[in-house]
Amino acid sequence: MSVILMDKDRLELLMQVATWYYEENQEQSVIAKRIGKSRSMVSRLLQEARDQGLVEIRVRHPLQTDPELESQLVQTFGLSRAWVLADPPNNYTLLLRSLGKLGARCLQQKLHDNIKIGIGWGASLHQLVRAM
């Protein structure tokens, strides 16, 4: 079922249930009582909202940076900002993922409407795009 073709009442129900659960942190049992349905029905409605793209769940693992080294790089090279991954993983694949996540975080801080950016190509940039 596409959101575009979804019945308006169904769409409103999915949005209301998702709002109560994800934004207002109400328990499924409480929501079930509010709408006169079972808790398992609420669970199915929440899954449907996710499946339809009405709800997007992202898990963000914190990335530790090295502020001292960042400051030294800024001072030494006259940079406006530097980001340094603290304790990078020894595994190449995990390192690329961590760099991609840190790069995505940095890019999101710098992006604004009508900005022009140029990017190259490679495994690190692939991970950055995946992290966005």
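Mapping to my numbering: the sequence shown position 97 is 212, numbers consecutive. For each residue, glycine too, the CB sits at the ideal point set by N, CA and C. It should be emphasised that the depicted structure is a prediction, and the values quoted were computed from it without experimental measurement.
Counting along the chain, where does the alpha helix (DSSP H) carrying residue i start and finish?
i, result
"P182", "182–192"
"L214", "207–225"
"G170", "Checking the sequence shown, residue 170 turns out to be Val, not Gly. Note, V170: premise wrong, no alpha helix (DSSP H); not H, not E."
"Y239", "Residue identity check: residue 239 is Ser in the sequence provided, not Tyr. It spans 238–246 - the alpha helix (DSSP H) in which S239 sits, taken as one unbroken run."
May I have the straight-line CA-CA distance separating residue i from residue j, to the nearest angstrom?
i, j, result
"S117", "A133", "Here the model assigns S117 a pLDDT of 46, short of 50, so the residue's position is not dependable, and the following value carries that caveat. Taking the straight line joining both Cα atoms gives about 17 Å."
"G237", "L129", "40 Å"
"V189", "S195", "6 Å"
"V170", "W135", "12 Å"
"L222", "Q143", "37 Å"
"I306", "E138", "Absent from the structure is residue 306, since the part of the chain shown begins at 116 and ends at 247."
"R245", "I172", "15 Å"
"E185", "R165", "39 Å"
"S155", "M247", "33 Å"
"M121", "Q131", "15 Å"
"K87", "Q242", "This structure gives no information on residue 87, because the portion of the chain shown stretches from 116 to 247."
"G168", "E127", "14 Å"
"L226", "S153", "44 Å"
"A147", "R125", "15 Å"
"Y207", "N140", "38 Å"
Going by the DSSP bridge assignment, what does residue i pair with across the sheet?
i, result
"L200", "T180"
### Query
How do the region 177–187 and the region 209–224 stand: do at least 3 beta-carbon pairs fall below 8 Å, yes or no?
yes
### Task
Would you be able to state if there are at least three C-beta pairs under 8 Å between the region 154–163 and the region 196–208?
no
### Message
As an exercise, report each continuous alpha helix (DSSP H) stretch of at least 4 residues that is fully enclosed by the region 118–147, in chain order.
### Response
123–133
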